[in-house]
Structures are given as C-alpha cells and as structure tokens.
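In the working numbering, the protein residues as written are 347 to 443. These notes concern the structure reproduced below.
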C-alpha cells in the first residue's frame, strides 16, 4: 500500500492543533481529518476519532502496525513542513513589497 497524496487542509498558528490533513492510499482510498497536534514531547498525529460516552475517544480508522503508522506520520510531517515553508516564504515576500 502506497501513500499517493497528502493534503494539509487547515493550518493553525495558535493552539495545540496545528493542522488537519487528508491522506490517500494507492489513489483509491482516502482518510480525512487526521490532526497534527503539538504535545509535550513535540508534534504527533491523531487519527480521526469519535467521542464515545464519558469523554473517551475511539479511532475511526487507524494503522494496525507501527511501521505503517510511521510511514503515514513521516509523509504527513514532510508535507506539513513543506506547507509551512511555503507559507513563510509568501509572508516574507508580502512584507518586502
């Protein structure tokens, strides 16, 4: 299974949730609403989830093996860093004018 597309949907400068991402596998299957969150030990991804009962959350979709989770995380963080760099370059260009 290959990751064929990663799209950063929303980027937040403030708060712990830094971005919302969609990822596509083999140009055939997409998972929306993966969140990039800033935690105490740095950034991590949170798979889409729904609230169950007393504040517990359960993942709707998630990788079954850590190798797949790492592959997803690396692809998401690479695209997130690219989007941040592009955003910063655009802001620098607009202040120079």
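All residues carry an ideal CB built from backbone N, CA and C; glycine is no exception.
Is the CB-CB distance between residue 380 and residue 391 below 8 Å?
Residue 380 sits at position 34 when you count from the first residue of the chain shown. Residue 391 sits at position 45 when you count from the first residue of the chain shown. Against a cut-off of 8 Å, the Cβ pair of residue 391 and residue 380 comes out as a contact.
Please report the distance separating the alpha-carbon of residue 378 from that of residue 367.
Locating residue 378 in the chain shown gives position 32, counting from the first residue. Locating residue 367 in the chain shown gives position 21, counting from the first residue. So the alpha carbons of these two residues sit roughly 6 Å apart.
Among 437, 424, 400, 434, which residue has its Cα nearest to the Cα of residue 389?
As a working note, residue 389 is residue 43 in the chain shown. With distances taken between Cα atoms, residue 389 lies closest to 424.
Which value, in whole angstroms, describes the spacing of the CA atoms of residue 349 and residue 383?
In the chain shown, counting from the first residue as 1, residue 349 sits at position 3. In the chain shown, counting from the first residue as 1, residue 383 sits at position 37. Answer to the nearest angstrom: the Cα atoms are 21 Å apart.
Helix, strand or coil at residue 429 according to DSSP, with G and I counted as helix:
Within the chain shown, the letter at position 83 stands for residue 429. Three-state result, residue 429: helix.
Return the first residue and the last residue of the beta strand (DSSP E) that residue 367 is part of.
Counting from 1 along the chain shown, the entry for residue 367 is found at position 21. Taken as a continuous stretch (DSSP letters only), the beta strand (DSSP E) holding residue 367 covers 363-371.
List the endpoints of the continuous beta strand (DSSP E) containing residue 392.
Indexing the chain shown from 1 puts residue 392 at position 46. Where residue 392 is concerned, the enclosing beta strand (DSSP E) stretches over 388-392.
Residue 384 - partner residues in DSSP beta bridges
Counted from its first residue, the chain shown places residue 384 at position 38. DSSP, once it has assigned bridges, lists 389 as partnering residue 384.
Please determine, among 416, 430, 403, 375, the residue with the shortest C-alpha to C-alpha distance to residue 292.
Outside the displayed span of the chain (347 to 443) sits residue 292, for which this structure offers no information.
Under a three-way DSSP split, which group does residue 349 fall into?
Looking up residue 349 in the chain shown gives position 3. It is a strand residue.
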